[in-house]
Structures are given as C-alpha cells and as structure tokens.
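Visitor: Supplied in structure tokens, the structure appears directly below.
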C-alpha cells in the first residue's frame with residue numbers, strides 16, 4: 001500500500017497540513033518539527049509522492065535554474081547548455097536569478113520556481129555545504145542538482161576538474177621558466193575558485209617559487225585590470241599572472257598593455273574557462289578550457305535521471321584541457337625589467353580616481 005500524507009503525519013505526530021508545509025518548503029515550520037517530518041518521510045520512503053503531485057498538476061515538464069547574474073560568460077553558457085538539452089528532451093526551462101548568495105535569496109528563488117511548477121532545479125551558483133544540506137532538507141519534494149558546491153557534500157552535483165585545470169595552468173608556466181606569480185582568484189564563496197587557487201599555491205610552494213601578490217576578483221574584467229594595475233603601481237616584481245577566469249584575464253591584458261609591459265616576453269598570462277572570445281584577445285589568451293555547454297547538458301540528464309530513479313547521490317566531474325596561445329612563452333634570459341614598468345607608470349596613474 002502506498003504511503004500517504006496521513007502516514008507521515010501520524011509517525012511525525014503532526015497534522016497533514018504541517019506535512020504539506022514541510023514538503024513545499026514553507027518557512028513557517030519550526031526546525032524541530034521539520035526534522036521530525038523529514039525523518040518520517042525518510043523512514044516510510046515517502047520521498048514525497050511525486051507521482052501524485054505530478055498527476056495532480058499534469059506534470060509541467062519544466063526544469064528550473066537558480067543562477068548567478070547571467071551577464072557572466074560561464075554562467076550564461078551553462079544556462080544555455082541546460083536550455084538546449086532540456087529542449088531536446090521535451091522540457092522547458094524557468095530561470096530565477098539571485099541578487100546575492102544568501103540562504104534567503106536561494107529560498108526565495110526556489111519558491112519562485114516552485115510557483116511555476118518546475119519538476120526539478122539545477123543550482124548554478126556557489127553554495128556552502130551547510131547551505132546545500134539546508135536546501136535539500138527544506139525542499140525535499142524537489143530533485144536538486146548543484147554545480148558549485150564543496151567536494152564531498154552529500155548532494156547531487158556536477159563540476160569540471162578544477163584542480164587538474166589549475167595544475168595544467170601553473171605547470172605550463174613553470175615549464176616556461178616563470179618564477180614569480182600574481183594570482184587572481186574568483187570570489188571566495190566559489191568552491192571552483194578556491195580549488196583553483198589552492199592548487200596554484202600548492203605548486204608554487206612545491207617548486208619553491210614566489211607568489212608575488214594575491215587578489216580576489218569578482219569574475220569581471222575590471223577586477224583583473226585593477227589587480228594588475230595595483231601590482232604594477234606598487235612595483236611588485238612578477239613574470240606571470242594566473243587568472244581564475246578569462247573575463248578577468250582580459251582586464252589583466254589591458255592593464256599590462258597600458259603599463260607597456262610586453263606579453264608574453266616580460267609577463268605570461270594564463271586564464272581559465274576557454275570562452276570562445278579568448279582567442280581574439282590581444283594577444284590571444286592561453287587558457288584552461290572547461291566545456292560549459294556540456295556541463296549544462298549533463299546537469300539536465302542527471303537531474304531528470306534522479307527525478308525518475310532517485311538511486312543515491314550522483315557526483316560527476318568533467319574533464320578539462322589546456323589551450324596554448326600567444327599570451328605565454330618561455331622566459332627570456334634577461335632579468336625582470338623594472339625600468340620598462342616605471343617608464344609607463346604615468347599612463348596608469350592617469351587612470352586612478
């Protein structure tokens with residue numbers, strides 16, 4: 001006999017209305033009560049009755065996406081991959097964009113999508129382990145898949161191999177005899193960003209090289225530009241820049257050009273993402289390529305498979321590769337030319353507020 005709301009309510013010692021509020025992710029439920037209801041759902045294998053829910057609403061065939069600002073290249077490309085794969089599988093998509101990365105924003109975005117009767121949600125934004133656990137617990141009626149979540153978090157997740165990609169980037173520079181690095185990460189809230197930066201640090205220490213400066217960027221070109229401008233104005237000696245995404249690398253190249261610093265002769269630059277436009281940067285950017293389109297497509301396949309079968313937590317890691325272009329080269333047999341930088345400081349100072 002199928003488990004019902006009443007069975008869950010009876011075991012949890014609450015009303016059927018409370019069970020309904022819990023399974024729909026309502027806030028007006030005490031945490032202790034929510035835990036009792038979810039424990040009862042798990043014990044009875046309720047899950048909770050998605051078949052009945054879908055029959056009652058004629059199954060919307062909509063996949064929800066909770067996303068960062070889609071003006072970011074990587075975010076937009078992942079969302080496009082989700083949309084294309086969903087369309088091929090006869091699903092529509094609904095998008096909710098976050099104002100910030102607070103748990104309240106995530107809850108609000110998910111409720112917005114629930115109101116559109118989505119069947120499952122792909123979360124294309126960084127979350128902590130605690131936040132992921134909280135969202136899965138609160139919205140237990142939905143299948144959720146996360147794209148930027150700490151390793152080992154017991155939730156459905158997909159990512160590219162950020163550690164391997166970061167290793168490819170710095171190993172390439174080390175092979176080209178680069179020794180002093182400016183590192184520009186993405187936001188600390190992003191697991192992907194932190195994995196990349198930690199691998200850079202590890203390799204710098206292992207090879208007894210120098211991290212000349214570190215900056216936390218925001219994925220936008222301006223943050224890469226401002227980081228390098230600051231390093232140059234401070235007279236920081238460096239011969240390579242490791243950048244956590246291509247958009248910030250575009251800003252890096254602009255700042256180096258304005259300072260009259262030759263790329264790649266004096267300073268080599270490596271980006272991350274492999275966006276299509278990076279081949280048209282000046283000079284064309286060496287970058288670590290991750291397949292955003294495939295990441296979005298795989299997320300759809302995983303979320304639908306989990307929605308239909310729900311057989312344990314799925315965690316997938318997609319491969320990554322290095323694309324070598326003209327922004328990197330072997331280091332010349334000359335010392336770092338500080339005079340070359342000083343000769344162009346006035347140009348940069350004019351840009352300061």
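In UniProt numbering, the protein residues as written are 1 to 353.
Glycine included, every Cβ here is placed at the ideal spot set by N, Cα and C.
Because the structure is a prediction, the values reported are computed rather than measured.
1. Using a Cβ distance threshold of 8 Å, determine whether the region 234-250 contacts the region 261-276, with at least three qualifying pairs required.
2. Buried or exposed: residue 55, going by 16 or more other Cβ atoms within 10 Å of its Cβ?
3. For residue 43 and residue 3, I'd like the C-alpha separation in whole angstroms.
4. Rounding to the nearest angstrom, what Cα-Cα distance links residue 50 and residue 175 in this structure?
5. Spatial neighbours of residue 70 within its chain, please: C-beta separation below 8 Å, excluding the five flanking residues on both sides.
6. Relative to the alpha-carbon of residue 125, which residue among 311, 147, 301 and 257 has its alpha-carbon at the smallest distance?
7. What do you get for residue 330, buried or exposed, if any count of 16 or more other CB atoms within 10 angstroms of its CB means buried?
8. Who are residue 5's beta bridge partners in DSSP?
9. Please report how far the alpha carbon of residue 48 lies from the alpha carbon of residue 74, in whole angstroms.
10. Mapping DSSP to helix, strand and coil, what is residue 268?
11. Residue 139: buried (16+ other C-beta within 10 angstroms of its C-beta) or exposed?
12. Under a three-way DSSP split, which group does residue 124 fall into?
13. DSSP three-state call for residue 18: helix, strand or coil?
14. If you draw a straight line from the C-alpha of residue 68 to the C-alpha of residue 106, how long is it?
15. Quick one: give me the first and last residue of the alpha helix (DSSP H) that residue 133 is part of.
16. On the criterion of 16 or more Cβ atoms from any shown chain inside 10 Å, does residue 159 qualify as buried, or is it exposed?
17. Exposed or buried, residue 52, counting other C-beta atoms within 10 Å across all chains shown (16 or more means buried)?
18. Looking only at C-alpha atoms, which of 84, 255 and 251 sits nearest to residue 233?
19. Leaving out five residues before and five after residue 14 in sequence, what residues of the same chain have Cβ atoms less than 8 Å from its Cβ?
20. Any idea which residues DSSP pairs residue 242 with across the strands?
21. Here's the rule I'm using: 16 or more other beta-carbon atoms within 10 Å means buried, otherwise exposed. How should residue 332 be labelled?
22. Going straight from the alpha carbon of residue 192 to that of residue 150, what length do you get?
23. In angstroms, rounded to a whole number, what distance separates the CA positions of residue 222 and residue 214?
24. The beta strand (DSSP E) that contains residue 329, what's its start and end?
25. Ordered along the chain, which non-local residues of its own chain (more than five positions away) have a Cβ less than 7 Å from that of residue 132?
26. Looking only at its chain, what residues have a beta carbon closer than 6 Å to the beta carbon of residue 354, apart from the 5 residues adjacent to it on each side?
27. List the residues that DSSP assigns as beta-bridge partners of residue 148.
28. For a quick check, are the C-beta atoms of residue 62 and residue 100 less than 9 Å apart?
29. Excluding the five sequence neighbours on either side, which residues of its own chain have a C-beta within less than 7 Å of the C-beta of residue 7, listed in chain order?
30. Going by alpha carbons, who is nearest to residue 208 out of 177, 290, 40 and 72?
31. May I ask you to list the residues that DSSP assigns as paired with residue 216?
Guide: According to the structure data:
1. Taking one beta carbon from each stretch, the region 234-250 and the region 261-276 have 3 or more pairs nearer than 8 Å; the two touch.
2. Low local confidence applies: a pLDDT of 43 at residue 55 is under 50, so the model's placement there is unreliable, and no value is given.
3. Roughly 11 Å between the two C-alpha positions.
4. Its pLDDT being 45, under 50, residue 50 is placed unreliably in this model, and the coordinates cannot settle the point.
5. Result list for residue 70: 76, 79, 95 and 97, in chain order.
6. For residue 125, the nearest C-alpha among the options comes from 147.
7. Counting other Cβ atoms within 10 Å of its Cβ, residue 330 stays below 16 and is therefore classed as exposed.
8. DSSP lists no partner for residue 5.
9. For residue 48, the predicted structure reports a pLDDT of 49, less than 50, and the residue's modelled location is therefore unreliable. A value from the coordinates is still provided. Their backbone Cα atoms lie some 34 Å apart in a straight line.
10. In the structure shown, the three-state DSSP call for residue 268 is strand.
11. Buried: at least 16 other Cβ atoms inside 10 Å.
12. In the structure shown, residue 124 falls within a strand segment according to DSSP collapsed to helix, strand and coil.
13. Secondary structure at residue 18: helix, using DSSP grouped into helix, strand and coil.
14. Those two C-alpha atoms are separated by around 11 Å.
15. Per DSSP, residue 133 belongs to the alpha helix (DSSP H) from 129-138.
16. Residue 159 comes out buried.
17. At residue 52 the pLDDT is 48, less than 50, meaning the model places this residue with poor confidence and gives no usable figure here.
18. Looking at the Cα atoms, 255 is the closest of the given residues.
19. Excluding the 5 residues flanking it on each side, residue 14 has same chain C-beta neighbours closer than 8 Å at 33, 36 and 37, in chain order.
20. Paired residue(s): 183 and 270.
21. By the neighbour-count rule (16 or more Cβ atoms within 10 Å), residue 332 is not buried but exposed.
22. In a straight line, the C-alpha of residue 192 is about 8 Å away from that of residue 150.
23. Taking the CA atoms as reference points, residue 222 sits about 16 Å from residue 214.
24. Segment: none, residue 329 is in no beta strand (DSSP E) and carries neither H nor E.
25. Same-chain partners within the cutoff: 146, 149, 153 and 155.
26. Outside the displayed range of the chain (1 to 353) lies residue 354, so it cannot be described from this structure.
27. In the DSSP output, where bridge partners are listed per residue, residue 148 has 126.
28. It is not a contact, given that the beta carbons lie outside the stated cut-off.
29. Same-chain partners within the cutoff: 44.
30. Selected option, being the one with the closest Cα: 177.
31. Per DSSP, 185.
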